[in-house]
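Okay, so here's the structure we're looking at.
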Amino acid sequence: MAARPNSASTAPVLTPEQNGFRFGLITGVVLCIYTLVAALLGFFSRIEAGSLDVLILIIGSVLAIRHLKQLRGNQMPYLGGYGTGIIAAMVASVVLGLFFIILTAIMPKMLDLTQVENLFGFDLSVVVAFLAIILMGTMSGVITSLIAMQYYKADAIDPLKAME
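Residue numbers for the sequence shown follow our numbering, so the first one is 4 and each next one is one higher.
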């Protein structure tokens, strides 16, 4: 009788990209809910509201790296963890940016954006805000992932201690 393979060994391996995408979607949904609440309650234009967005984004990136570390143990590659944090922040930023465009179309008076038009009459403030959300979110994710990977990296042997 042939041995049956262990179900744990045949389980699909979660890649850093899949992990980052999954946590990015979750973080993006949380950011959208928070942005909607901020717009409805009228404190969207305050700087503190944007700071909490960045904090939620940082937490999402760190949780993505932590989840990958828990799955991989000490076998997590440094660039894999770094990449999963960046992908999580980028996906969350794109989701928030698209939600921001939808929110601006639905309730433009609640967001009170400065209207800037180009020669063709296209509302540039929404486009600039969309691109700024993606840029700020992704760069926050890059910095956060770099810092978080210093904590979560797998060091089997410390080369400085080996020289003693």
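In this text, a Cβ means the ideal position worked out from N, Cα and C, and glycines have one as well.
On a Cα-Cα basis, can you pick out the residue from the options that is closest to residue i?
i      : options                        : result
Ser96  : Gly27, Glu20, Pro19            : Gly27
Gly140 : Cys35, Val40, Ile61, Met79     : Ile61
Lys112 : Lys72, Ser48, Leu34            : Ser48
Val129 : Leu44, Ile89, Gln153, Ile104   : Ile104
Leu34  : Leu82, Met152, Gly100, Ser148  : Gly100
Ala67  : Gly23, Ile146, Gly144          : Gly23
Gly144 : Thr38, Ala91, Leu44            : Ala91
Ala42  : Val131, Leu138, Gln153, Leu106 : Leu106
Measure the C-alpha to C-alpha separation of residue i and residue j and round it to an integer number of angstroms.
i      : j      : result
Thr87  : Leu74  : 13 angstroms
Val94  : Phe133 : 13 angstroms
Lys72  : Ile136 : 28 angstroms
Ile36  : Met79  : 32 angstroms
Lys30  : Gly76  : In the sequence as presented, Lys is not what sits at residue 30; that position holds Thr. When rounded, the distance between both Cα atoms is 23 angstroms.
Ile89  : Ala52  : 22 angstroms
Ile146 : Ile109 : 33 angstroms
Thr69  : Lys156 : Strictly speaking, residue 69 in this sequence is Arg, with Thr absent from that position. Each residue's alpha carbon lies about 10 angstroms from the other.
Leu39  : Phe46  : 10 angstroms
Give the secondary structure of residue i by DSSP, where H, G and I count as helix, E and B as strand, and everything else as coil.
i      : result
Pro80  : coil
Met110 : coil
Does the separation of the CB atoms of residue i and residue j fall below 9 angstroms?
i     : j      : result
Gly84 : Ala151 : yes
Would you check if the stretch 45 to 59 and the stretch 15 to 22 touch, i.e. whether three or more CB-CB distances between them fall below 8 angstroms?
-> Verdict: no, contact absent.
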